[in-house]
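See below for the structure under consideration.
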Amino acid sequence: MFLTEEKIKELEIKANDIRTSIIEMLLEAGSGHTAGPLGMADIFTLFYFHVLKHDPKNPEWEERDRLVLSNGHICPVLYATMARAGYLSLEELKTLRKFGTRLQGHPHREYMPWLENSSGPLGSGLSQAVGMAIADRIDGKDKDRFIYCFMSDGEHNEGNTWEGAMLASKNKLRNLIVVVDRNNIQIDGFTENVMPLEPLADKWRAFNFHVIEVGGHDFKALNEAVGEAQAIYEKPTVIIAHTIPGKGVHEFERDYRWHGYDPNVKTTKEDYNMALKELRTLGGKIKSEY
Amino acid sequence: MLNPNLKLNPKIFNEDVEQVPIRKGFGQGLLIAGEINKNVVALCADLTESTMMNFFKEKFPERFVEVGVAEQNLVTVASGMAAMGKIPFCSSYAMFSPGRNWEQIRTTIAYNDRPVKIVGSHAGISVGPDGGTHQALEDIALMRVLPNMDVFSPCDSIEAKKMTLVLAKTKRPAYLRLAREKTPVITTEETPFTLGKAEIYWMPDVGLVQVGIIVTGGLMHRALLAAKELEMEGIKTKVLNLSSIKPIDKDAIISLAKETKRIVTVEEHQVAGGMGSAVAEILAQNYPAPIEFIGVQDKFGQSGTPDELVEHYGMGKDSIKKAVKKVLIRKI
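Protein chains in written order, with my numbering: chain A, 122 to 411; chain B, 2 to 333.
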């Protein structure tokens with residue numbers, strides 16, 4: 122679906138709002154992952170406000186697209202986006218990771234039944250999405266909707282990921298679209314130092330996926346990549362989205378230490394307040410242009 | 002005598018008692034379940050015939066998913082299919098599923114509360130010549146510790162068939178434990194079966210019962226032979242078929258313990274964490290009674306014939322008799 126310049130501006134504002142919510146949530150929670158959620162904010166925004174067939178007022182709508190989040194640890198971006206889309210209140214975001222919350226540290230559908238899956242342990246989301254895509258094919262619904270899987274680059278270390286990829290290509294699952302958050306960081310450092318993934322695109326091609334590489338913060342390019350993926354008929358598609366971890370907050374960008382809580386990094390309220398200030402300034406700038 | 006109300010196989014004690022692998026009952030049940038409900042699907046990890054999924058595969062090829070030798074994928078794909086309304090049965094050898102893919106089962110099936118049925122065939126020591134790598138002796142423990150997960154271990158092929166049919170209707174995750182070897186047929190099609198209910202298979206004709214024997218899975222025949230011989234030696238027992246390990250029939254266990262004061266548990270599994278442990282947990286809280294545990298005592302298996310191995314690891318008829326006699330002289 123075509124993106125107008127006006128719509129792109131609208132998405133930029135949304136993404137900035139979502140980033141602000143993420144920082145506010147993490148500040149309130151006192152723990153959690155920073156870099157991944159910020160880096161994926163643009164992609165979540167595009168999907169929830171442009172790509173996905175869904176209805177926040179009727180979350181269990183049978184005909185909705187399915188979005189499986191494999192790397193559950195980036196859930197602050199999922200919660201913040203869903204709140205901005207109307208699934209839950211902005212107020213509830215402040216309960217992240219607190220006792221009794223629906224917003225568990227890693228997403229859990231027992232507390233939030235309209236999540237497609239509970240996740241956290243890495244490497245299992247792709248296979249669940251594959252199972253959904255196969256089920257839709259059995260039911261003849263594979264032309265009616267798409268099964269999307271968002272996954273991290275780090276979880277390519279997991280064997281389960283490649284098992285899922287093999288089955289997806291065996292079954293030529295055209296209704297499966299995988300989005301890889303290629304942000305090059307994982308807990309122990311840069312992915313290419315921890316366990317090299319490159320040539321990543323070639324690996325997916327060798328597993329018989331249609332591969333698209335795209336910048337993860339360019340709404341127009343991302344949207345075109347999704348359009349291309351939806352048009353590919355003969356095989357599943359993976360969109361390798363090159364994202365900047367910590368995107369939107371200059372201090373956090375490209376620094377793997379912001380992947381998660383790190384005791385060696387002095388995470389102070391000042392850091393988060395600085396981040397909020399930066400995001401709000403940026404938000405004001407986009408809005409004035411808009 | 003055999004419980005006359007249960008219409009058990011009258012030929013149980015004959016030399017020529019019919020023997021059928023427990024896994025075959027699963028294969029037959031799955032085929033029927035597939036005919037009844039189009040949402041029943043089957044997944045296998047390169048062991049379709051061994052786990053008797055071939056009946057289903059031949060009849061419903063479009064509802065059968067071959068994932069190759071990839072047990073982590075087996076259960077995670079099944080979880081995804083269940084999310085779309087399917088009732089997936091996924092089979093492999095118990096040693097690989099749930100042996101290899103436990104965390105995937107925990108997160109994507111139990112924690113996600115998806116109605117996937119995990120079918121572990123070739124469980125227990127009686128896998129025989131394949132040796133210790135293939136003899137799952139820990140699977141009951143692995144599965145019964147998971148919240149949301151039900152655990153079943155049928156005593157023969159007919160019970161396995163009935164269980165499969167009932168599991169196809171339940172909305173809960175479940176583990177179904179099967180054995181490879183031909184096993185004497187204990188029940189009949191007419192034997193009543195209710196999921197979660199334990200039944201007394203053997204009882205004395207007259208007189209007070211001295212020991213309760215609680216059995217799960219394929220060792221039932223040996224337990225019944227032991228009970229019969231013990232009766233001829235003047236020791237009266239009751240034998241309880243505890244094929245549903247979770248949910249567990251607490252009332253049946255407590256009432257048996259109240260009646261007999263002494264218990265022997267029998268299973269082809271490590272004593273630690275298995276069915277006997279589940280019984281002990283209940284009795285320790287509700288009606289403490291001396292228990293002797295028949296099972297593997299913290300050891301791995303090895304190659305051999307099923308009979309040799311069952312005897313060697315102390316799970317044969319004579320071991321059961323010995324345990325009954327031992328528990329009889331323990332102080333209450």
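Each residue gets a CB set at the ideal place from its N, CA and C atoms; glycine is no exception.
- Closer than 8 Å, CB to CB, is Val78 (chain B) near chain A or not? Against chain A, the CB of Val78 (chain B) has a partner CB under 8 Å away; the residue lies at that interface.
- Using 7 Å as the cut-off, classify the Cβ of Ala258 (chain B) as near or not near the heavy atoms of the ligand FAD, replying yes or no. Absent from the structure shown: the ligand FAD. Ligands present: none.
- Message: According to DSSP, simplified to helix, strand and coil, what is Cys196 (chain A)?
- Response: helix
- Item | Buried or exposed by the 16-neighbour rule on C-beta atoms within 10 Å, applied to Val70 (chain B) | Here Val70 (chain B) is exposed, its C-beta having fewer than 16 other C-beta atoms within 10 Å.
- Query: Is Pro1 (chain B) helix, strand or coil by DSSP?
  - Reply: Absent from the model: residue 1 (chain B). The displayed extent of chain B is 2 to 333, so no value can be given.
- Query: Can a CB atom of chain B be found closer than 8 Å to the CB of Pro384 (chain A)?
  - Reply: Caution is warranted here: a pLDDT of 43 is assigned to Pro384 (chain A), below 50, making its placement in the model unreliable, and the coordinate value is therefore given only provisionally. No, Pro384 (chain A) does not count as interfacial toward chain B.
- Report the residue ranges of all beta strand (DSSP E) runs contained in full by the stretch 46–83 of chain B; include only those spanning at least 3 residues, in chain order. 65–67
- Item | beta strand (DSSP E) segments (min. 3 residues) lying fully within the stretch 95–134 of chain B | 118–122
- Query: Is Asp186 (chain A) near Gly404 (chain A), with beta carbons less than 8 Å apart?
  - Reply: no
- Task: Determine the DSSP secondary structure at Ser245 (chain A), reduced to helix, strand or coil.
- Result: coil
- Determine the burial state of Asp17 (chain B): buried for a count of at least 16 other Cβ atoms within 10 Å of its Cβ, exposed for fewer. exposed
- Can you grab the Cα-Cα spacing for the pair Glu191 (chain B) / Thr52 (chain B), in whole Å? 25 Å
- What residues in its chain sit with their C-beta under 6 Å from that of Ala228 (chain B), if we drop five residues either side in the sequence? Trp203, Thr238 and Val240
- Item | Per-residue DSSP class, three states only, for Thr358 (chain A) | strand
- Query: Hey, is Met253 (chain A)'s beta-carbon within less than 8 Å of any beta-carbon in chain B?
  - Reply: yes
- What residue does the alpha helix (DSSP H) around Gly296 (chain B) start on, and which one ends it? Looking at the DSSP string, Gly296 (chain B) is not in any alpha helix (DSSP H); the run it does join, the beta strand (DSSP E), is Ile292 to Val297.
- Task: Taking Glu59 (chain B) as the query, report the chain A residues whose CB atoms sit under 8 Å from its CB, ordered along the chain.
- Result: By Cβ distance, chain A contributes nothing, its closest Cβ being about 17 Å from Glu59 (chain B), past 8 Å.
- Task: Pull up the distance between the alpha-carbon of Asn102 (chain B) and that of Ala281 (chain B), whole angstroms please.
- Result: Roughly 28 Å separates the two Cα atoms.
- Buried or exposed: where does Thr125 (chain A) fall if 16 or more other Cβ atoms within 10 Å of its Cβ makes it buried? Burial call: exposed.
- 8 Å Cβ cutoff, Asp151 (chain B) in contact with chain A: no
- Neighbourhood of Ala111 (chain B) by C-beta, 7 Å cutoff - its chain only, sequence neighbours within 5 removed: Leu147, Pro148, Asn149, Met150 and Pro174
- Alpha carbon to alpha carbon, how far is Ala342 (chain A) from Ile129 (chain A)? If I take the Cα positions, the gap works out to 11 Å.
- Please classify Tyr411 (chain A): does DSSP put it in a helix, a strand, or coil? coil
- Query: So with Cβ pairs under 8 Å, would you call Gln337 (chain B) a contact of chain A?
  - Reply: Because chain B here runs from 2 to 333, residue 337 (chain B) falls outside it and cannot be looked at.
- Item | Residue closest to Thr188 (chain B), alpha-carbon to alpha-carbon, out of B:Gly129, B:Asn38, B:Pro155 and B:Ala137 | B:Pro155
- Item | Same chain, Cβ closer than 6 Å to Ile283 (chain B), neighbours up to 5 away in sequence not counted | Lys251 and Ile254
- Item | Any chain B beta carbon closer than 8 Å to Gly285 (chain A) | yes
- Asp114 (chain B) at chain A interface by Cβ criterion, 8 Å: yes
- Message: Any beta carbon from chain B within less than 8 Å of Ala256 (chain A)'s own beta carbon?
- Response: yes
- Task: Determine the direct distance from the alpha carbon of Ala256 (chain A) to that of Ile308 (chain A), and round the result to whole angstroms.
- Result: Our two residues, Ile308 (chain A) and Ala256 (chain A), have alpha carbons roughly 34 Å apart in a direct line.
- Item | For Ser290 (chain A), the first and last residue of its enclosing alpha helix (DSSP H) | Per DSSP, Ser290 (chain A) belongs to the alpha helix (DSSP H) from Gly280 to Lys291.
- Would you kindly check if the distance between the Cβ of His227 (chain A) and the Cβ of Leu240 (chain A) is under 8 Å? Checking the sequence, you will find Ser at residue 240 (chain A) rather than Leu. Yes, these two residues count as a Cβ contact at 8 Å.
- Query: With DSSP run on the structure shown, which of helix, strand or coil describes Lys247 (chain B)?
  - Reply: DSSP places Lys247 (chain B) in strand when its eight states are reduced to three.
- Task: Give a yes or no on whether the minimum CB-CB distance between Gly241 (chain A) and chain B is below 8 Å.
- Result: yes
- Touching or not, the stretch 266–281 of chain B and the stretch 111–128 of chain B, by the rule of three or more beta carbon pairs under 8 Å? Between the stretch 266–281 of chain B and the stretch 111–128 of chain B there are three or more C-beta pairs closer than 8 Å, enough to call the two in contact.
- Figure out for me which residue from B:Met54, B:Lys58 and B:Val42 has the closest Cα to the Cα of Met82 (chain B). B:Val42
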